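Q: Just so we're aligned: the sequence shown equals residues 1 to 306 in UniProt numbering.
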Amino acid sequence: MELSLHRLRMLRELQRRGTVTAAAAALHYTASAVSQQLAQLERDVGAKLFERLGRRVQLTELGVVLTEHAEEILKSVERATMALEEAQEGVTARLTAGVWASVASGLLPFALSALAREHPGIEVRTKELAPEETAGAVRDGALDFSFVIDYSDYPMPWDPALTRVVIAVERLHAAVPGGTVPASTVSLTELAEHPWILAGPRSHFGRAVRLACQRHGFEPKINHEVGEQATALAMVDAGLGVTLVSDLGLSLRPNGVDIVALTEPPMRTVSIAHRTASTRPSLQLVIDAVRAAAAAQGLGAAAPLP
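What follows is the structure in C-alpha cells.
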C-alpha cells in the first residue's frame, strides 16, 4: 500500500472541517478534485474511510486511525525537510507564500531580488489571497508561510500553532482626489462628509477603517464597497470618493490621487506567519530578506511576536 502525502493532507482537512466543500476551500482546490482524491485514497487503502451524513462527512473507524497517523506522517515529513536543509552547505528549497496586492507590489520585488542574488538555491512561489485567509492556509499546510496584518484599531486573534515575525509597521494615509484637500495634513473627522470607497466590513481593512472612523465620532458614508486597494485608488482618481491607503499601498497610487497625512494615523503591523514547528533555514533566510527590504523603505520593525 502506497500512501500519497497529498491525499493524506486532504483527509486531515476533511476530519478538521467536516465537509468536502470546507476542506477544499481550506486547501484551495475544487470540491470535485478533493472528492476524487479521497476516493482514490480509499482505493489505495482498500477500505471505506468516511461516510456522508447529510451535508457533513464522518470518518469511519479506519478513517480516524489513518488520520491520526497522517498527522504524524506529515509532521515527520516537515522535520525531515528541515533536517535536510540544515545538513546542506548551500540551502536549496522551494517555499510557497501567501501574499496580497500591496505586499506583492511594494515589498516582495525588493526582497526576492536580494534573496536570488545571495541565495539562488531558494525559490519562493506566491499565491495571492485575501489577508483574512493567509494564516489559515499556513496552519492547514497549503502554504509554507504568509504575510498577515494587525491594525491598531482591530488586532487579530492569534493561533498558538503559528509563529509570527514582525516585518514592517505602516501608517495609513488619506487618499483623496487631486486638489480636494489643500492642507498637508487632515483628520479623519474632516473627511466625514466625503463619500468613501472602502472594503467590506468582513475584511480586516474594512473593519479597521470603520472602527477608526467610529473612534473619531462618525460612520463613513460608503458609496462604493470594493475589495482591491488598486480598484479603490482608481475610483479615487476618478473623483468618486476618498479612502485610506497604507505605506506599502502607495506603490499602487494613480497620478491623479493626492496622499495626505492623517493627524492621528491608524497603524498596521505586517508580519510573516509560519507553523511554529517549522523553522527551516530557508524560511529564516526569506524572513531576513523581507525584513531588510522593509527596513530599507523606512518601515523596519521590532523583534518577533510571541
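Using N, Cα and C, we set each Cβ at its ideal position, and we do this for glycine too. If you're wondering where the values come from, they're calculated on a predicted model, not measured in any experiment.
1) Counting only runs of 3+ residues fully inside the segment 74 to 154, write out the beta strand (DSSP E) ranges in chain order.
2) Contact between the segment 168 to 188 and the segment 234 to 247 is defined here as three or more beta-carbon pairs at a separation below 8 angstroms; is this criterion met?
3) What's the C-alpha gap between GLN229 and HIS69?
4) Counting along the chain, where does the beta strand (DSSP E) carrying VAL57 start and finish?
5) Could you check the C-alpha separation between GLU190 and ASP237 for me, to the nearest Å?
6) Could you check the C-alpha separation between SER184 and VAL260 for me, to the nearest Å?
7) Between the segment 118 to 137 and the segment 90 to 100, are three or more C-beta pairs nearer than 8 angstroms?
8) With DSSP run on the structure shown, which of helix, strand or coil describes GLU225?
9) Measuring only from the beta carbon, is HIS194 closer than 7 angstroms to any heavy atom that is part of the ligand PLP?
10) Considering ASP258, what are the terminal residues of the beta strand (DSSP E) in which it resides?
11) Residues in its own chain within less than 7 angstroms of GLY217 by CB, not counting five upstream and five downstream?
12) Quick one, which of ALA135, ALA39, SER76 has its alpha-carbon nearest ILE272's?
13) Only counting runs of 3 or more residues, tell me where the beta strand (DSSP E) segments fall wholly within the UniProt domain "HTH lysR-type" (3 to 60), in order along the chain.
14) Please report the straight-line C-alpha distance between ALA232 and VAL226, rounded to a whole angstrom.
A: Result, derived from the coordinates:
1) 93 to 99, 122 to 128, 145 to 151
2) yes
3) 43 angstroms
4) 56 to 59
5) 19 angstroms
6) 6 angstroms
7) yes
8) strand
9) No copy of the ligand PLP occurs in the structure displayed, which carries no ligand at all.
10) 257 to 262
11) THR189
12) ALA135
13) 50 to 53, 56 to 59
14) 6 angstroms
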